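Chemist:
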Ligand code: MOS
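Residue numbers (this note's numbering): 68 to 765.
(1) Do you know how far the Cα of residue 267 is from the Cα of residue 123?
(2) What do you get for residue 744, buried or exposed, if any count of 16 or more other CB atoms within 10 angstroms of its CB means buried?
(3) Which term fits residue 380, buried or exposed, when burial requires 16 or more other beta carbons within 10 angstroms of its beta carbon?
(4) Can you tell me which of the three DSSP states residue 641 falls into?
(5) Using beta-carbon positions only, say whether residue 535 and residue 575 come within less than 9 angstroms of one another.
(6) Within 10 angstroms of its Cβ, does residue 742 collect 16 or more other Cβ (buried), or is it exposed?
(7) My parser needs the alpha helix (DSSP H) runs of 4 or more residues fully inside the stretch 105-140; what are they?
(8) Would you check if there are 3 or more beta carbon pairs closer than 8 angstroms linking the stretch 413-427 to the stretch 487-501?
(9) Mind checking if residue 679 is an interface residue toward chain C, Cβ cutoff 9 angstroms exclusive?
(10) Just checking, does the stretch 170-179 make contact with the stretch 127-134 on the three C-beta pairs under 8 angstroms criterion?
(11) Go ahead and pull the three-state DSSP assignment for residue 695.
(12) Entirely within the stretch 245-274 and at least 3 residues each: give me those beta strand (DSSP E) ranges in chain order.
(13) Flag this pair as touching only if the stretch 191-202 and the stretch 141-161 have three or more C-beta atom pairs under 8 angstroms; answer yes or no.
(14) Can you tell which of 249, 76, 321 has its C-alpha closest to the C-alpha of residue 139?
(15) If you check the beta carbons only, do residue 628 and residue 607 fall under 9 angstroms apart?
(16) Please find out if some non-hydrogen atom of ligand 1 comes closer than 8 angstroms to the beta-carbon of residue 304.
(17) Under a three-way DSSP split, which group does residue 622 fall into?
(18) Pick out whichever of 643, 679, 113, 707 has its Cα sitting closest to the Cα of residue 754.
(19) Over what stretch of residues does the beta strand (DSSP E) that includes residue 511 continue unbroken?
(20) Is any heavy atom of ligand 1 found at a distance shorter than 8 angstroms from the C-beta of residue 98?
(21) So, at 7 angstroms on beta carbons, what are the nonlocal neighbours of residue 100 in its own chain, with the 5 sequence-adjacent residues on each side left out?
(22) So what does DSSP say about residue 395, is it helix, strand or coil?
(23) Ligand 1 and residue 415: does the residue's C-beta get closer than 8 angstroms to at least one heavy atom of that ligand?
(24) Since residue 258 and residue 271 should fall inside the 8 angstroms C-beta cutoff, what is the C-beta to C-beta distance between them, to a whole number of angstroms?
(25) Does DSSP classify residue 731 as helix, strand or coil?
(26) Starting from residue 345, follow its DSSP beta bridges and name the residues at the other end.
(27) State buried or exposed for residue 716, treating a residue as buried only when at least 16 other CB atoms are found within 10 Å of its CB.
(28) Whole angstroms are fine: how far does the CA of residue 176 sit from the CA of residue 325?
(29) Whether or not the stretch 406-420 and the stretch 430-442 are in contact is what I'm after, with contact meaning three or more pairs of Cβ atoms, one per stretch, closer than 8 angstroms; do they touch?
(30) Quick one: using the 10 Å Cβ neighbour count with 16 as the cut-off for buried, is residue 416 buried or exposed?
(31) Three-state secondary structure (DSSP) at residue 208?
(32) So residue 281 and residue 304 are supposed to be a Cβ contact under 8 angstroms. How far apart are they, rounded?
(33) Which word fits residue 194, buried or exposed, when buried means at least 16 other C-beta atoms lie within 10 angstroms of its C-beta?
(34) Consider the C-beta atom of residue 274 and the heavy atoms of ligand 1; say whether any pair is separated by less than 8 angstroms.
(35) For residue 714, which three-state DSSP category applies?
(36) Determine the contact status of residue 529 and residue 569, defining contact as a CB-CB distance below 9 angstroms.
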């Protein structure tokens with residue numbers, strides 16, 4: 068059997084993408100297509116008192132204007148559901164405004180330009196109430212949720228942290244702040260909807276096809292078997308395309324009214340308000356240790372934004388529950404109810420910002436103990452999950468730290484800040500650990516032989532740029548023992564077998580394991596000399612006891628070297644290395660892309676990204692890519708990632724663990740720790756812009 072799984076195969080969809088043949092939601096070509104443009108609210112909290120669309124309706128080419136006064140009836144929104152992304156998402160269903168930028172009208176016209184111009188001509192008056200927009204306001208409304216977004220307890224307590232802090236030889240008690248962030252994937256949210264009789268087809272940029280299928284059908288009160296959702300190609304998601312938004316619902320409603328296909332695309336500016344974002348957080352970390360660096364206590368408490376319009380409890384303290392041993396432990400997560408747009412999952416929800424705090428606190432403890440930060444981490448390596456008291460499935464954090472230190476040249480680092488000056492640059496190195504929960508979800512896959520050397524794979528799974536198409540082709544080719552070119556992978560259609568879709572880094576493992584099962588079943592039958600053509604098999608997977616008996620995580624260690632300009636405080640990343648344990652790697656090339664992509668986002672969190680809130684009006688201020696800073700090539704030189712050779716037999720039959728979100732976890736903390744090592748600036752409020760570094764330079 069040819070060895071294909073794990074090989075660094077080029078994306079099989081790469082050619083279609085770079086030649087423009089890949090059809091994204093907004094590329095759908097169809098006869099008589101009409102174009103929709105959304106108008107959005109200019110207040111954050113209150114209601115519409117009047118709406119005058121007469122001028123807009125008079126514009127040449129305008130086909131319809133939909134507002135809350137004439138929108139078709141839809142299913143009402145519900146606050147809670149087992150699958151939050153399948154909930155109804157009614158649009159223009161009320162005069163109530165719950166956040167700045169909420170869609171208030173849809174204009175459909177013969178051209179996008181006409182629709183957009185007419186949308187700007189709609190006259191709306193509002194009654195604005197006083198909303199709450201400041202996460203640090205003295206009179207803020209704090210909630211103590213029972214559970215986080217994935218249903219885990221919001222708080223945990225073991226032993227007595229207060230006594231541990233009081234009696235410890237050395238302690239850290241620090242508060243960190245992380246800002247609002249936006250996904251800003253390349254492809255905007257877009258949908259093209261078309262009715263054929265009573266059958267609705269929606270091409271939409273969504274990560275979860277089945278959730279979107281249910282959401283759209285429920286919202287429009289149409290039986291699910293009369294709705295198909297297609298998401299063949301998606302230009303990035305990062306959690307921002309887990310939910311369905313107004314583009315899909317409004318396109319479907321308008322297409323039904325007009326009896327014409329309608330396309331609705333959010334503008335880049337609208338994406339900041341209409342869709343979800345990463346909420347801001349304030350995090351307190353307390354560490355208690357003996358003089359030799361043994362942790363006796365660890366506490367992590369977070370306060371983060373939730374919206375009045377919908378609840379979201381980001382699991383910020385989740386990594387702290389499993390990363391280090393300590394007998395006394397406390398974690399807690401509170402939310403502040405604000406009238407801002409709705410927060411949601413964004414690449415490694417929880418770990419991404421939780422580790423920005425925890426892994427900087429560990430570095431602070433190392434400084435206080437005058438101990439190497441790698442040594443300190445090794446000393447507190449737990450033998451089992453410290454809160455659940457169950458074994459880890461696989462855990463190679465120690466190897467990640469040690470091999471990374473070796474490769475990076477950690478022994479050249481001076482522990483003393485400011486000791487390495489190269490011209491105007493103060494140079495320093497930092498390290499941080501990565502941990503990310505490994506998740507398996509129920510999935511089904513179908514594989515069919517077309518000939519003795521070719522097969523077709525079908526799943527409703529998406530490829531959001533991660534490489535799904537390619538790794539599934541590799542699995543089928545290897546198990547069926549056919550050439551890779553003989554495998555056709557069909558994804559992103561609601562009529563295909565149901566998978567959990569792309570999210571939570573569970574896609575590759577869940578869908579891959581279901582496909583492995585299907586291919587093994589099919590191969591067993593082929594080996595009994597059945598004629599191959601047309602022969603097919605279904606495979607499935609669901610999490611079993613292994614996820615209760617073992618604490619499952621992927622791990623990594625980040626190493627960053629930065630230069631800090633001694634005069635201006637400007638920080639430049641010089642090089643970075645990540646060493647990861649993500650179980651078995653299914654494609655070395657696409658996995659590496661995921662890892663370095665995550666690391667770059669970690670650098671971005673440390674140095675650049677900040678979605679500013681205007682607390683007078685409840686709006687985000689910097690709503691384009693000129694003002695919302697993301698890194699360019701010059702900001703991220705020499706970022707390298709390597710994966711350890713691991714097979715996690717408890718994770719799934721493939722041995723793989725989630726890799727998509729791992730790279731961002733802890734990456735930013737390695738950068739902030741490197742800044743401290745370079746120049747002695749300990750900045751606890753992200754992003755670490757030069758104005759925050761400058762005071763430490765004296
Ligand atoms: Mo992810 S943030 O669950 O797409």
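Just so you know, even glycine gets a beta-carbon here, dropped at the ideal spot from N, CA and C. All of these numbers come straight from a predicted model, not from anything done at the bench.
Modeler: With the given structure in hand:
(1) Taking the first residue of the chain shown as position 1, residue 123 is located at position 56. Taking the first residue of the chain shown as position 1, residue 267 is located at position 200. One C-alpha to the other measures close to 28 angstroms.
(2) Taking the chain shown and counting its residues from 1, the one referred to as residue 744 is at position 677. That one is buried.
(3) Within the chain shown, residue 380 is the residue found at index 313, counting from 1. Buried, since its Cβ has 16 or more Cβ neighbours within 10 Å.
(4) The residue you call residue 641 lines up with position 574 of the chain shown. Residue state, collapsed to three classes: strand.
(5) Here residue 535 is taken as the residue at index 468 of the chain shown, counted from 1. Here residue 575 is taken as the residue at index 508 of the chain shown, counted from 1. Yes. Within cutoff.
(6) Within the chain shown, numbered from 1, the residue matching residue 742 stands at position 675. With 16 or more other Cβ atoms within 10 Å, it is buried.
(7) 121-125
(8) With the cut-off at 8 angstroms, the stretch 413-427 and the stretch 487-501 touch.
(9) Any reference to chain C falls outside this structure, which holds one protein chain only.
(10) Touching, per the Cβ criterion.
(11) Taking the chain shown and counting its residues from 1, one reaches residue 695 at position 628. In the structure shown, residue 695 sits in coil (DSSP, three-state: anything other than H, G, I, E or B).
(12) 257-263, 266-271
(13) Cβ pair count under 8 angstroms is below three, so no.
(14) Numbered from 1 along the chain shown, position 72 holds the residue referred to as residue 139. Ranking the options by Cα distance to residue 139, first place goes to 321.
(15) Sequence index remark: in the chain shown, residue 628 carries index 561 (1-based). Sequence index remark: in the chain shown, residue 607 carries index 540 (1-based). It is not a contact, given that the beta carbons lie outside the stated cut-off.
(16) Your numbering for residue 304 matches position 237 in the chain shown. Residue 304: yes, Cβ under 8 angstroms from ligand 1.
(17) Walking along the chain shown from the start, residue 622 turns up at place 555. It is a strand residue.
(18) Along the chain shown, one-based indexing puts residue 754 at 687. Taking only the C-alpha atoms, the option nearest residue 754 is 679.
(19) In the chain shown, the residue the question calls residue 511 occupies position 444. Here the beta strand (DSSP E) through residue 511 covers 510-518.
(20) For the purposes of this step, residue 98 is taken as residue 31 along the chain shown, with counting starting at 1. Every heavy atom of ligand 1 is 8 angstroms or more from the Cβ of residue 98, so no.
(21) Locating residue 100 in the chain shown gives position 33, where the first residue counts as 1. Result list for residue 100: 328, 330, in chain order.
(22) Start at 1 with the first residue of the chain shown, and residue 395 comes out as number 328. Here residue 395 sits in strand by DSSP.
(23) To locate residue 415, count along the chain shown from 1; it is residue 348. Yes, since a heavy atom of ligand 1 falls inside the 8 angstroms radius drawn around the Cβ of residue 415.
(24) If you number the chain shown from 1, residue 258 lands on position 191. If you number the chain shown from 1, residue 271 lands on position 204. That pair is a contact at about 4 angstroms.
(25) Counting from one through the chain shown, the residue named residue 731 turns up at place 664. In the structure shown, residue 731 sits in a helix (DSSP, three-state: H, G or I).
(26) Indexing the chain shown from 1 puts residue 345 at position 278. According to DSSP, residue 345 bridges with 248.
(27) Taking the chain shown and counting its residues from 1, the one referred to as residue 716 is at position 649. Exposed is the call here.
(28) In the chain shown, the residue the question calls residue 325 occupies position 258. In the chain shown, the residue the question calls residue 176 occupies position 109. Cα to Cα, residue 325 sits roughly 11 angstroms from residue 176.
(29) no
(30) To locate residue 416, count along the chain shown from 1; it is residue 349. The residue is buried, with at least 16 neighbouring Cβ atoms inside 10 Å.
(31) The sequence position of residue 208 within the chain shown is 141, counting from 1. It is coil, neither helix nor strand.
(32) Here the question's residue 281 lines up with position 214 in the chain shown. Here the question's residue 304 lines up with position 237 in the chain shown. In fact, because the Cβ distance is near 18 angstroms, the residues do not count as touching under 8 angstroms.
(33) The count along the chain shown starts at 1 and reaches residue 194 at position 127. In this structure residue 194 is exposed. Its beta-carbon is surrounded by fewer than 16 other beta-carbon atoms within 10 angstroms.
(34) Here residue 274 refers to the residue found at position 207 of the chain shown. Yes; taking the cut-off as 8 angstroms, the Cβ of residue 274 has a heavy atom of ligand 1 nearer than that.
(35) In the chain shown, the residue the question calls residue 714 occupies position 647. Three-state result, residue 714: coil.
(36) Along the chain shown, read from residue 1 onward, the residue named residue 529 stands at position 462. Along the chain shown, read from residue 1 onward, the residue named residue 569 stands at position 502. It is a contact, given that the beta carbons lie within the stated cut-off.
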